[in-house]
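> Have a look at this one before I ask anything.
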Amino acid sequence: MMAMRGGPRGRGAGGKGGYGRRRFLFRRRKYCKFCEAKTQWIDHKDLKTLQNYTPERSKILPRRISGTCAKHQRQLMQAIKRARMIALLPFSSD
């Protein structure tokens, strides 16, 4: 007796099923908003900008999600940490 390959629905080895249809999702390329605006440095007192990069749980968004370049991500992290130290931004969302 041969063993079945694949999942419980018997799709065979590999593949995602879907009756031969292929769907391609168009993803918009992420870009650094600070580079586009030619920002030299990120101000730690600009709370409106900093809050866009800290969601409800007050964690700093990573580069792959926010789309910032490496240079501005470092400046952004430093600005958020400074704003937290002078109590402009919360450390956590309690």
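Using the working numbering, the first residue of the sequence shown is number 1, and each one after it goes up by one. Every residue, glycine too, gets a C-beta built ideally from N, C-alpha and C.
Within 10 angstroms of the Cβ of residue 87, are there 16 or more other Cβ atoms? Answer buried if so, exposed if not.
exposed
> Could you pull out every residue in the same chain whose Cβ sits closer than 7 Å to the Cβ of residue 76, ignoring the five residues on either side in sequence?
Answer for residue 76: 42, 53 and 68, listed in chain order.
> Near residue 56, what residues of its chain come up, given a Cβ to Cβ distance below 6 Å and the 5 sequence neighbours on each side ignored?
93
> Would you please state the rounded distance, in angstroms, between the beta carbons of residue 66 and residue 90? I believe it to be under 8 Å.
The pair is not a contact, with the Cβ atoms about 19 Å apart (cut-off 8 Å).
> I'd like the list of long-range same chain contacts for residue 84, defined as Cβ closer than 7 Å, with 5 residues on each side in sequence excluded.
91
> Keeping to the same chain, check which residues put their C-beta closer than 8 Å to that of residue 40; ignore five residues upstream and five downstream.
none
> Buried or exposed: which applies to residue 26, given that a residue is buried once 16 or more other Cβ atoms fall within 10 Å of its Cβ?
exposed
> So, at 6 Å on beta carbons, what are the nonlocal neighbours of residue 32 in its own chain, with the 5 sequence-adjacent residues on each side left out?
Closer than 6 Å at Cβ, skipping near neighbours: 68, 69 and 72.
> Might you give, ordered along the chain, the residues of its own chain that have their beta carbon closer than 7 Å to the beta carbon of residue 50, omitting 5 neighbours on each side?
Excluding positions up to five away in sequence, the list reads 79, 80, 83 and 89.
> Between residue 34 and the rest of its own chain, which residues show a CB-CB distance below 6 Å, the 5 nearest in sequence each way excluded?
72
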